[in-house]
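Residue numbers (the numbering used here): 2 to 196. We put the beta carbon where it would ideally sit given N, CA and C, even for glycine. Quick caveat: nothing in here was measured; it's all calculated off a predicted structure. Data first, discussion second: the structure below is written as structure tokens.
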Ligand SMILES: [Fe+2]
Ligand SMILES: [Fe+2]
């Protein structure tokens, strides 16, 4: 927790309580997405092939990292997350406490793309409000935004649309943009131990 970080951001003209509210809502969305995707990746057995389930698991892994980093930034700004889970999940645009009822592969794809679309909207907005005022939050939001765009690309690649994602299976799921933005080393890719 840092009073200085809060004062600097306030001095740049941002209402820190409003900003931490947006970051908290985004963190709730990430945690809800992690939870929903964990269920969907199991629930989808028989509904879709292993390739899409792998993508869902990789997105889920990155969303958990997003949740962690957003939480840290809220506390750096002298904010606090709700101590009860229901107080966190359900604040944002995206999260509902209910995992969607998926009955067909089309339902699943539509749900995944809608989830990524809303995440892209959320981080575009946070990037806009922090530009030139809070470089640290801006850098984090931009890194998450890039990864949300990448998530959509993975799904579209699976559908045979678009240019495809930059990261192949085995390299996905490690949140490279967010790790770089927060000064962390990238862990070895799953199945590709470092020599
Ligand atoms: Fe995310
Ligand atoms: Fe995502």
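May I ask you to report which of helix, strand or coil DSSP gives residue i?
i, result
"residue 21", "helix"
"residue 49", "strand"
"residue 56", "helix"
"residue 81", "coil"
"residue 162", "coil"
"residue 68", "helix"
"residue 34", "helix"
"residue 28", "helix"
"residue 103", "coil"
"residue 39", "helix"
Out of the options, point me to the one whose CA is closest to residue i's CA.
i, options, result
"residue 143", "24, 79 and 15", "24"
"residue 37", "54, 21, 124 and 22", "54"
"residue 170", "180, 86 and 154", "154"
"residue 179", "150, 152, 13 and 140", "140"
"residue 121", "176, 68, 138 and 150", "150"
"residue 183", "50, 66, 51 and 7", "66"
Looking at the unbroken alpha helix (DSSP H) that takes in residue i, where does it start and where does it end?
i, result
"residue 3", "From DSSP, residue 3 is part of no alpha helix (DSSP H); its letter is neither H nor E."
"residue 148", "136-159"
"residue 89", "86-89"
"residue 177", "177-182"
"residue 185", "Neither: residue 185 is in no alpha helix (DSSP H) and is coded neither H nor E."
"residue 117", "106-131"
Run the proximity test for residue i: is its beta-carbon closer than 7 angstroms to any non-hydrogen atom belonging to ligand 1?
i, result
"residue 120", "yes"
"residue 149", "yes"
Does residue i pass the burial test, meaning 16 or more other C-beta atoms within 10 Å, or should it be called exposed?
i, result
"residue 135", "buried"
"residue 162", "exposed"
"residue 111", "exposed"
"residue 59", "buried"
"residue 64", "buried"
So does residue i have its beta carbon nearer than 7 angstroms to some heavy atom of ligand 2?
i, result
"residue 64", "yes"
"residue 60", "yes"
"residue 152", "yes"
"residue 162", "no"
"residue 117", "yes"
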